[in-house]
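Below you'll find the structure, written out as structure tokens, and then a few comments.
Residue numbers (my numbering): -4 to 113.
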């Protein structure tokens, strides 16, 4: 199992940047595919970005391509989400999640609020 704790959220203005971090417990972090998700008020949760176990492959939602970057440091059991050129539409609670290969996202953090003012 793995426990996840997000940090780095906050209130920023449109055009600003934030970096979210997600620290994982346990010694098997490198075995998990990691993802960042977000949920805005009144909307369903959506995937923002994912990263392979080695970090060699990433994927992004169309709405964040070119602005957000997901990365990981397996030696530090941490995954990051660098968010640039933030927009009010990026306002949401951001969650990190982990899944084993061929499994669903079974492990979730508690979420961190990101609010972007116009």
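Quick reminder that beta carbons are idealized off the backbone N, C-alpha and C, glycines included.
- In summary, residue 9 is exposed, with fewer than 16 beta-carbon neighbours lying within 10 Å of its beta-carbon over all protein chains present.
- Taking all protein chains shown into account, residue 1 has 16 or more neighbouring C-beta atoms within 10 Å of its C-beta and is therefore buried.
- In the DSSP assignment, residue 24 falls outside any beta strand (DSSP E) and carries neither an H nor an E.
- CA-CA distance, residue 42 to residue 110, rounds to 18 Å.
- Under DSSP, residue 62 takes part in no beta bridge, so it has no partner.
- Rounded to the nearest whole angstrom, the CA to CA distance from residue 95 to residue 48 is 9 Å.
- Judged by beta-carbon spacing, residue 103 lies beyond the 8 Å limit of residue 87, meaning their Cβ atoms are not closer than that value.
- In terms of Cβ geometry, residue 73 and residue 35 do not form a close pair [threshold 8 Å].
- The Cβ atoms of residue 78 and residue 62 lie closer than 8 Å to each other.
- Distance between residue 7 and residue 15, taken at the CA atoms: about 13 Å.
- The beta-carbon distance between residue 107 and residue 37, rounded to whole angstroms, is 19 Å. This is too long to meet the 8 Å contact definition.
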